Every structure is written in C-alpha cells, then in structure tokens.
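Its first residue numbered 1, the sequence shown is counted upward by one per residue in the UniProt record's numbering. In this text, a Cβ means the ideal position worked out from N, Cα and C, and glycines have one as well. Computed from a prediction, not measured in an experiment: that's the story for all the values here.
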Amino acid sequence: MKFHFDKKKDALSIQFSDLPYDESDEVEDGIIFDYDKEGKLISIEILNASKKLSPSFQSELRQKHIALAIE
C-alpha cells in the first residue's frame with residue numbers, strides 16, 4: 001500500500017495495486033474509488049484531504065513515515 005499527498009491539489013491517494021485503472025466511481029463527494037478491469041479496488045483518492053482527514057490521522061501518517069510523498 002502506498003500513500004501519496006499532492007499538496008497543490010490537497011489530495012491524498014491510497015494505492016493498493018500498480019495495475020492500471022479501468023473505471024472510477026465517486027462514492028461520496030470528493031472520494032473516488034478506482035477499479036481495475038476485473039472490478040477490484042486498486043486505489044482511493046480523497047480530494048480536499050486536509051479538510052476531510054482528522055489532524056491526528058495526518059500526524060500518524062507523518063510519524064510512521066508511511067511512504068507519504070509530499071509535492
């Protein structure tokens with residue numbers, strides 16, 4: 001699992017697989033699930049992440065150094 005935060009877009013991506021996505025579904029306002037050709041969930045994107053994720057969760061990501069890339 002990989003985490004990537006795009007500071008300019010304020011978007012957090014959580015990637016479960018390196019497979020290319022085939023279809024996306026916005027399951028809730030600003031929360032997008034990406035699926036491969038077989039319909040398996042391969043990533044989640046959270047838009048406006050700084051507003052949707054709790055400060056404690058953001059801090060935990062930083063403290064644990066979970067492959068969080070900040071652009």
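Is DSSP giving residue i helix, strand or coil here?
i	result
residue 41	strand
residue 3	strand
residue 33	strand
residue 53	coil
Is the shortest distance between the beta-carbon of residue i and the beta-carbons of chain B less than 8 angstroms?
i	result
residue 10	Protein chains in the displayed structure number just one, and chain B is not present.
Using beta-carbon positions only, say whether residue i and residue j come within less than 8 angstroms of one another.
i	j	result
residue 52	residue 30	yes
residue 38	residue 13	no
To the nearest angstrom, report how far apart residue i and residue j are at their CA atoms.
i	j	result
residue 49	residue 40	23 angstroms
In terms of alpha-carbon separation, which member of the options lies closest to residue i?
i	options	result
residue 18	10, 60 and 2	2
residue 22	15, 16 and 34	34
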